[in-house]
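Residue numbering for the sequence shown follows this note's numbering, starting at 32 and increasing by one per position. Beta carbons are placed, not taken as given, at the ideal position from N, Cα and C, and that holds for glycine. Everything below concerns the one structure shown next.
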Amino acid sequence: MTSSLQPGTPRGPHVRGDLPGPRSAELLARQEQRESSARTYPRHLPIALADGAGSFVRDVDGNVFIDFLAGAGVLSLGHSHPELVRVVARQLDVLSHGLDFPTPAKDEFTEAQLSMLAPELRERTKVHFCGPTGANAVEAAVKLCKIATGRGDIVSFQGAFHGSTHAAMALSGLNSPKEPVRNGMPGVHFFPYSYCSRCPVGLTPDSCATNCATYLEHALTDSNGGIPLPAAVIIELVQGEGGTIPARTDFVRRVRDLTRALGIPLIADEVQTGCGRTGTWFAFEQYGIEPDVIVASKALSGIGLPVALILYDEALDVWSPGAHIGTFRGNQLAFAAGVEAIRIMRRDDVLGNVRRRGEQLAGRLAGLTADPWVRDVRGRGLMWGVELADPDDGRPATGIASAVQAHALRHGLIVERGGRDDAVVRLLPPLNVTPDVVDTACSILVDAVSACSPRAPARHAGSAPPEPAPDARPGGRGATR
32 MTSSLQPGTP RGPHVRGDLP GPRSAELLAR QEQRESSART YPRHLPIALA
82 DGAGSFVRDV DGNVFIDFLA GAGVLSLGHS HPELVRVVAR QLDVLSHGLD
132 FPTPAKDEFT EAQLSMLAPE LRERTKVHFC GPTGANAVEA AVKLCKIATG
182 RGDIVSFQGA FHGSTHAAMA LSGLNSPKEP VRNGMPGVHF FPYSYCSRCP
232 VGLTPDSCAT NCATYLEHAL TDSNGGIPLP AAVIIELVQG EGGTIPARTD
282 FVRRVRDLTR ALGIPLIADE VQTGCGRTGT WFAFEQYGIE PDVIVASKAL
332 SGIGLPVALI LYDEALDVWS PGAHIGTFRG NQLAFAAGVE AIRIMRRDDV
382 LGNVRRRGEQ LAGRLAGLTA DPWVRDVRGR GLMWGVELAD PDDGRPATGI
432 ASAVQAHALR HGLIVERGGR DDAVVRLLPP LNVTPDVVDT ACSILVDAVS
482 ACSPRAPARH AGSAPPEPAP DARPGGRGAT R
């Protein structure tokens, strides 16, 4: 596979001195003074970025980090991929903004996106361009299904994250952001997700006939179940902000069979899992299902230029003109970059690299489970999480996860946290990351867990897990849509 690293790009991390460095500290202080309190990432990753190339970023103090956050997953081909940069520069001279008028760039982008679907699905799929965020695309998907079905309720799953706008937030499991916002969208019903390591009824996979799907089936088919037939069921095939939790295949297939039998549109939220993140273009392909609506955003341009869309069955095409609009839904720069990104991914077998590097990560991180404070290591493709929890009572070890993240940063690796109480260390590297960079990153992460984990002997001798950092409150992570 061709490396995307530019000439002179570092091949490894380099951090000197304390973090933040003096120039980063100055910019962070200015940000604190002038920006809103809603900012998130700099609170637990205290650096100010100067530039980036490939899988690396450099802060304004000259420290170099492996970036396994990659713009919260938007930079599928890494920072400043030279071929994408050239395409964007050319398009900038031609046309940058086109509302929803047809343009050559938009037509090519639409064709490229449809070409990534299986032929039988492609033939009956319509494309709707939304405002340029995943949350806006989620809002569009829900509106479409409500209009098409004439129904109003929505089924979502515990642990889900679908965005921070009004309806998308109502569909998300995390309670803390919703509590201060009164009169949230009504009619949302949450059901258990197949999070087997934290089964809500205490079952294990060998003693469970996918009871979370059975529970949903009974609730929707029981005449006395209390839930009207919903307008849609929305699901992440791998819960991202919820803690990098891949759904079990039998669970997903039963949900798909149930929704099809009851005439309920199934929305697959592929904002984070789409565009190759899990090793196929969309994660649902690995489950052998076809959703009625696909939500995509984050990595569609490959370079971080914003664009979002929904792909949906033409039978749902009930929009009236202007039913869901957005001034910036005609981002020609993102369209041009997205076409080039797909060309590069095909040429360089990037999906194959995702699968190979996913296997590499699985092998390197498997040994972490020997630590009693590591509850689980899980993922698909290049979307991985290390869950930390007290081995005695299973409580999320937020403080340890925060300490691991900080230790990794000091040694040149940027990772994010998520899951219950932010106790899952999450990895979202660029999809064209090289084997040597993965190996270096894994070494840093393994060392960080070893350094920060209060292993059983030390704990019995009277040590305690670190106290949560100030940013480790519920809802404190930097989820972006």
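Quick one: what does DSSP say residue i is sitting in, helix, strand or coil?
i: M200; result: helix
i: Q270; result: strand
i: D502; result: For D502, the predicted model reports a pLDDT of 39, less than 50, meaning its position is unreliable; a value from the coordinates is still stated below. If DSSP states are grouped into helix, strand and coil, D502 belongs with coil.
i: V455; result: strand
i: E114; result: helix
i: I258; result: coil
i: R42; result: coil
i: F87; result: strand
i: F140; result: helix
i: D300; result: strand
i: H442; result: coil
i: F313; result: coil
i: E151; result: helix
i: D49; result: coil
i: A464; result: Residue identity differs from the one stated: residue 464 is Val in this sequence, not Ala. Three-state result, V464: coil.
i: E57; result: helix
i: L100; result: coil
i: S418; result: The sequence as given places Glu at residue 418; Ser does not occur at that position. E418: strand per DSSP, three-state reduction.
i: T245; result: helix
i: G410; result: strand
Using 10 angstroms around the beta-carbon of residue i, count the other beta-carbons present and answer buried if the total reaches 16, otherwise exposed.
i: N384; result: buried
i: V349; result: exposed
i: Q62; result: exposed
i: H159; result: buried
i: D92; result: buried
i: D49; result: exposed
i: G450; result: buried
i: F132; result: exposed
i: T400; result: exposed
i: S516; result: In the structure displayed, the chain extends from 32 to 512; residue 516 sits before or after that span and is not available.
i: R285; result: buried
i: P427; result: buried
i: D124; result: exposed
i: L413; result: buried
i: A299; result: buried
i: E321; result: buried
i: G43; result: exposed
i: V212; result: exposed
i: T516; result: Residue coverage of the chain in this structure runs from 32 to 512, which leaves residue 516 outside it and unanswerable.
i: N255; result: exposed
Going by C-alpha distance, which of the options is nearest residue i?
i: G310; options: D380, P208 and T252; result: D380
i: A171; options: A263, V435 and R47; result: A263
i: A191; options: L59, D421, I266 and K137; result: I266
i: A393; options: W404, T275, V408 and D402; result: V408
i: D8; options: V405, W312, F132 and G215; result: Past the edges of the chain, shown from 32 to 512, lies residue 8, and the structure says nothing about it.
i: E114; options: A401, V370 and G412; result: V370
i: P461; options: I445, L50, C239 and H193; result: I445
i: E139; options: A368, D452 and R378; result: A368
i: T31; options: D288, V417, A69 and A201; result: Here the chain comprises residues numbered 32 to 512, so residue 31 is not present and cannot be evaluated.
i: S238; options: C227, D453 and G129; result: C227
i: P73; options: D90, E345, R388 and G83; result: D90
i: A472; options: I258, P51, F87 and D82; result: F87
i: S351; options: S111, K174, V118 and N463; result: K174
i: M200; options: R386, Q436 and G215; result: G215
i: L145; options: W312, G410 and G389; result: W312
i: N463; options: A84, E447 and T429; result: A84
i: V541; options: D452, H442 and I356; result: Past the edges of the chain, shown from 32 to 512, lies residue 541, and the structure says nothing about it.
i: A354; options: I178, H112, Y224 and G194; result: I178
i: H197; options: P150, K209 and R448; result: K209
i: V455; options: Q391, P223, I431 and A244; result: I431
If you measure between the beta carbons of residue i and residue j, is that distance less than 8 angstroms?
i: L126; j: I334; result: no
i: V324; j: G165; result: no
i: P261; j: V338; result: no
i: G305; j: A327; result: yes
i: N94; j: R47; result: yes
i: C483; j: A434; result: yes
i: K137; j: F359; result: no
i: D402; j: V480; result: yes
i: I373; j: M147; result: yes
i: Y318; j: T280; result: yes
i: P77; j: L59; result: yes
i: P466; j: R388; result: yes
i: Y343; j: T134; result: no
i: C161; j: L340; result: yes
Below 7 angstroms, is the gap between the Cβ of residue i and the nearest heavy atom of the ligand PLP?
i: A56; result: Ligands displayed in this structure: none; no statement on the ligand PLP is therefore possible.
At 3 residues or longer, and completely inside the region 322–407: list those beta strand (DSSP E) runs for me, N to C.
Segments of the beta strand (DSSP E) lying fully in the region 322–407: 324–327 and 340–344.
Just to confirm the assignment: which complete alpha helix (DSSP H) runs, minimum length 4, are found wholly within the region 172–241?
The qualifying runs are 197–201.
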